[in-house]
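Residue numbers (my numbering): 1357 to 1550.
Okay, structure coming up:
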(Lines of atoms letter the chains of each structure in order from A and count residues from 1; the text may use other names and numbers.)
(Lines give C-alpha, C1' and ligand atoms only; values in the text may rest on other atoms or scores of the structure.)
Protein backbone atom coordinates (compact mmCIF):
# COMPACT_ATOMS: atom_id res chain seq x y z
CA UNK A 1 0.00 0.00 0.00
CA UNK A 2 2.72 2.48 0.91
CA UNK A 3 4.57 1.57 -2.31
CA UNK A 4 1.47 2.46 -4.35
CA UNK A 5 1.16 5.80 -2.60
CA UNK A 6 4.86 6.50 -3.15
CA UNK A 7 4.62 5.66 -6.87
CA UNK A 8 1.54 7.88 -7.32
CA UNK A 9 3.14 10.71 -5.39
CA UNK A 10 6.09 10.68 -7.78
CA UNK A 11 3.69 11.00 -10.73
CA UNK A 12 2.09 14.18 -9.35
CA UNK A 13 2.83 17.43 -11.06
CA UNK A 14 5.35 19.64 -9.25
CA UNK A 15 2.63 22.33 -9.11
CA UNK A 16 0.26 20.05 -7.17
CA UNK A 17 1.59 20.72 -3.68
CA UNK A 18 1.62 24.54 -4.01
CA UNK A 19 -1.85 24.48 -5.62
CA UNK A 20 -3.24 22.25 -2.87
CA UNK A 21 -1.69 24.52 -0.24
CA UNK A 22 -3.20 27.61 -1.90
CA UNK A 23 -6.64 25.99 -2.05
CA UNK A 24 -6.38 24.97 1.60
CA UNK A 25 -5.29 28.47 2.63
CA UNK A 26 -8.16 30.07 0.66
CA UNK A 27 -10.67 27.68 2.24
CA UNK A 28 -9.31 28.44 5.71
CA UNK A 29 -9.45 32.21 5.07
CA UNK A 30 -13.07 32.01 3.84
CA UNK A 31 -14.04 29.93 6.87
CA UNK A 32 -12.45 32.43 9.26
CA UNK A 33 -14.20 35.30 7.45
CA UNK A 34 -17.59 33.52 7.66
CA UNK A 35 -17.16 32.71 11.34
CA UNK A 36 -15.97 36.25 12.12
CA UNK A 37 -19.23 37.66 10.78
CA UNK A 38 -21.17 35.16 12.91
CA UNK A 39 -19.15 36.09 15.99
CA UNK A 40 -20.11 39.76 15.51
CA UNK A 41 -23.89 39.18 15.47
CA UNK A 42 -24.19 41.21 18.67
CA UNK A 43 -23.06 44.22 16.62
CA UNK A 44 -25.27 44.01 13.53
CA UNK A 45 -23.72 46.91 11.59
CA UNK A 46 -20.19 45.54 11.94
CA UNK A 47 -21.32 41.96 11.24
CA UNK A 48 -23.04 43.12 8.04
CA UNK A 49 -19.93 44.97 6.89
CA UNK A 50 -17.70 41.97 7.61
CA UNK A 51 -20.08 39.44 6.05
CA UNK A 52 -20.92 41.77 3.19
CA UNK A 53 -22.42 39.08 0.93
CA UNK A 54 -24.77 37.65 3.56
CA UNK A 55 -28.28 39.02 3.24
CA UNK A 56 -29.42 37.84 6.67
CA UNK A 57 -26.75 40.03 8.32
CA UNK A 58 -27.95 43.11 6.42
CA UNK A 59 -31.52 42.25 7.41
CA UNK A 60 -30.55 42.07 11.09
CA UNK A 61 -28.67 45.38 10.72
CA UNK A 62 -31.78 47.01 9.21
CA UNK A 63 -33.99 45.89 12.09
CA UNK A 64 -31.45 47.11 14.64
CA UNK A 65 -31.42 50.60 13.09
CA UNK A 66 -35.12 51.00 12.28
CA UNK A 67 -36.07 52.99 15.39
CA UNK A 68 -33.02 55.26 15.50
CA UNK A 69 -32.23 55.81 11.83
CA UNK A 70 -34.88 54.85 9.26
CA UNK A 71 -32.61 56.01 6.44
CA UNK A 72 -29.79 53.67 7.52
CA UNK A 73 -32.33 50.88 8.00
CA UNK A 74 -33.68 51.47 4.49
CA UNK A 75 -30.16 51.19 3.08
CA UNK A 76 -29.54 47.96 5.00
CA UNK A 77 -32.85 46.43 3.87
CA UNK A 78 -32.14 47.44 0.28
CA UNK A 79 -28.73 45.76 0.48
CA UNK A 80 -30.35 42.63 1.96
CA UNK A 81 -32.82 42.58 -0.94
CA UNK A 82 -30.05 42.84 -3.51
CA UNK A 83 -28.56 39.70 -2.00
CA UNK A 84 -31.87 37.90 -1.25
CA UNK A 85 -34.67 39.30 -3.44
CA UNK A 86 -37.16 36.63 -2.37
CA UNK A 87 -36.86 37.36 1.37
CA UNK A 88 -40.31 38.44 2.56
CA UNK A 89 -38.83 39.69 5.84
CA UNK A 90 -36.49 42.04 4.01
CA UNK A 91 -39.39 43.40 1.93
CA UNK A 92 -41.40 43.92 5.12
CA UNK A 93 -38.44 45.70 6.69
CA UNK A 94 -38.13 47.99 3.67
CA UNK A 95 -41.86 48.75 3.89
CA UNK A 96 -41.49 49.56 7.59
CA UNK A 97 -38.49 51.82 6.99
CA UNK A 98 -39.87 53.70 3.99
CA UNK A 99 -43.49 53.99 5.08
CA UNK A 100 -43.02 55.23 8.62
CA UNK A 101 -44.17 58.75 7.85
CA UNK A 102 -45.53 58.71 4.31
CA UNK A 103 -47.62 55.88 2.88
CA UNK A 104 -48.03 57.81 -0.33
CA UNK A 105 -44.40 56.85 -0.95
CA UNK A 106 -44.57 54.27 -3.77
CA UNK A 107 -41.53 52.41 -2.41
CA UNK A 108 -43.35 51.66 0.83
CA UNK A 109 -46.50 50.24 -0.73
CA UNK A 110 -44.54 48.26 -3.34
CA UNK A 111 -42.31 46.81 -0.62
CA UNK A 112 -45.33 45.84 1.48
CA UNK A 113 -46.92 44.14 -1.52
CA UNK A 114 -43.68 42.29 -2.29
CA UNK A 115 -43.54 41.10 1.31
CA UNK A 116 -46.93 39.50 0.82
CA UNK A 117 -46.13 38.12 -2.64
CA UNK A 118 -42.86 36.51 -1.53
CA UNK A 119 -44.13 35.10 1.76
CA UNK A 120 -47.89 35.41 2.24
CA UNK A 121 -48.07 32.52 4.72
CA UNK A 122 -44.92 33.27 6.73
CA UNK A 123 -46.29 32.91 10.23
CA UNK A 124 -43.69 35.19 11.81
CA UNK A 125 -44.79 38.06 9.55
CA UNK A 126 -48.58 37.65 9.56
CA UNK A 127 -49.35 39.74 12.67
CA UNK A 128 -46.87 42.63 12.24
CA UNK A 129 -47.56 42.89 8.53
CA UNK A 130 -51.33 42.99 9.12
CA UNK A 131 -50.92 45.77 11.68
CA UNK A 132 -48.78 47.75 9.23
CA UNK A 133 -51.22 47.12 6.37
CA UNK A 134 -54.16 48.29 8.50
CA UNK A 135 -52.46 51.68 8.91
CA UNK A 136 -52.05 52.17 5.15
CA UNK A 137 -54.58 54.20 3.17
CA UNK A 138 -55.90 51.40 0.95
CA UNK A 139 -58.56 53.53 -0.74
CA UNK A 140 -56.18 54.28 -3.63
CA UNK A 141 -54.86 50.78 -4.15
CA UNK A 142 -57.12 47.79 -4.87
CA UNK A 143 -54.19 45.39 -4.48
CA UNK A 144 -53.73 46.45 -0.88
CA UNK A 145 -57.47 46.05 -0.25
CA UNK A 146 -57.29 42.54 -1.67
CA UNK A 147 -54.24 41.71 0.47
CA UNK A 148 -56.00 42.98 3.60
CA UNK A 149 -59.09 40.92 2.88
CA UNK A 150 -57.10 37.78 2.08
CA UNK A 151 -54.94 38.12 5.19
CA UNK A 152 -58.00 38.47 7.44
CA UNK A 153 -59.66 35.46 5.78
CA UNK A 154 -56.49 33.44 6.25
CA UNK A 155 -56.40 34.21 9.96
CA UNK A 156 -60.11 33.53 10.44
CA UNK A 157 -60.05 30.21 8.60
CA UNK A 158 -56.58 28.78 9.18
CA UNK A 159 -54.87 30.63 12.02
CA UNK A 160 -57.45 31.54 14.69
CA UNK A 161 -54.64 31.88 17.24
CA UNK A 162 -53.69 35.11 15.45
CA UNK A 163 -57.12 36.76 15.87
CA UNK A 164 -55.60 39.09 18.45
CA UNK A 165 -53.53 40.63 15.67
CA UNK A 166 -56.75 41.50 13.85
CA UNK A 167 -57.98 43.26 17.01
CA UNK A 168 -54.74 45.25 17.14
CA UNK A 169 -54.97 46.05 13.44
CA UNK A 170 -58.58 47.17 13.87
CA UNK A 171 -57.58 49.59 16.64
CA UNK A 172 -54.90 51.30 14.51
CA UNK A 173 -56.78 51.11 11.19
CA UNK A 174 -58.28 54.07 9.38
CA UNK A 175 -62.00 54.23 8.64
CA UNK A 176 -61.76 52.53 5.23
CA UNK A 177 -59.75 49.63 6.60
CA UNK A 178 -62.04 49.26 9.61
CA UNK A 179 -64.96 48.82 7.23
CA UNK A 180 -63.02 46.14 5.34
CA UNK A 181 -62.20 44.30 8.57
CA UNK A 182 -65.82 44.58 9.77
CA UNK A 183 -67.11 43.22 6.44
CA UNK A 184 -64.79 40.21 6.62
CA UNK A 185 -65.92 39.41 10.15
CA UNK A 186 -69.55 39.84 9.16
CA UNK A 187 -69.09 37.41 6.24
CA UNK A 188 -67.50 34.92 8.63
CA UNK A 189 -70.26 35.42 11.26
CA UNK A 190 -67.70 36.27 13.91
CA UNK A 191 -67.05 39.24 16.15
CA UNK A 192 -63.90 41.35 16.11
CA UNK A 193 -61.62 40.58 19.08
CA UNK A 194 -60.87 43.45 21.40
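Here a beta-carbon is modelled for each residue, glycine too, at the ideal position from N, C-alpha and C.
Check whether residue i and residue j have beta carbons under 9 angstroms apart
{"i": "residue 1491", "j": "residue 1533", "result": "yes"}
{"i": "residue 1518", "j": "residue 1465", "result": "no"}
{"i": "residue 1446", "j": "residue 1398", "result": "no"}
{"i": "residue 1395", "j": "residue 1417", "result": "no"}
{"i": "residue 1546", "j": "residue 1487", "result": "no"}
{"i": "residue 1428", "j": "residue 1472", "result": "no"}
Backbone CA spacing between residue i and residue j [nearest angstrom]
{"i": "residue 1436", "j": "residue 1370", "result": "44 angstroms"}
{"i": "residue 1406", "j": "residue 1377", "result": "25 angstroms"}
Classification of residue i by the beta-carbon crowding that lies within 10 angstroms, buried from 16 upward
{"i": "residue 1391", "result": "exposed"}
{"i": "residue 1448", "result": "buried"}
{"i": "residue 1423", "result": "exposed"}
{"i": "residue 1375", "result": "exposed"}
{"i": "residue 1400", "result": "buried"}
Reference residue i; option with closest CA among the options
{"i": "residue 1540", "options": "1527, 1528, 1518 and 1511", "result": "1511"}
{"i": "residue 1542", "options": "1449, 1509 and 1454", "result": "1509"}
{"i": "residue 1430", "options": "1442, 1450, 1483 and 1414", "result": "1450"}
DSSP three-state assignment for residue i, whether helix, strand or coil
{"i": "residue 1480", "result": "helix"}
{"i": "residue 1438", "result": "helix"}
{"i": "residue 1421", "result": "helix"}
{"i": "residue 1392", "result": "helix"}
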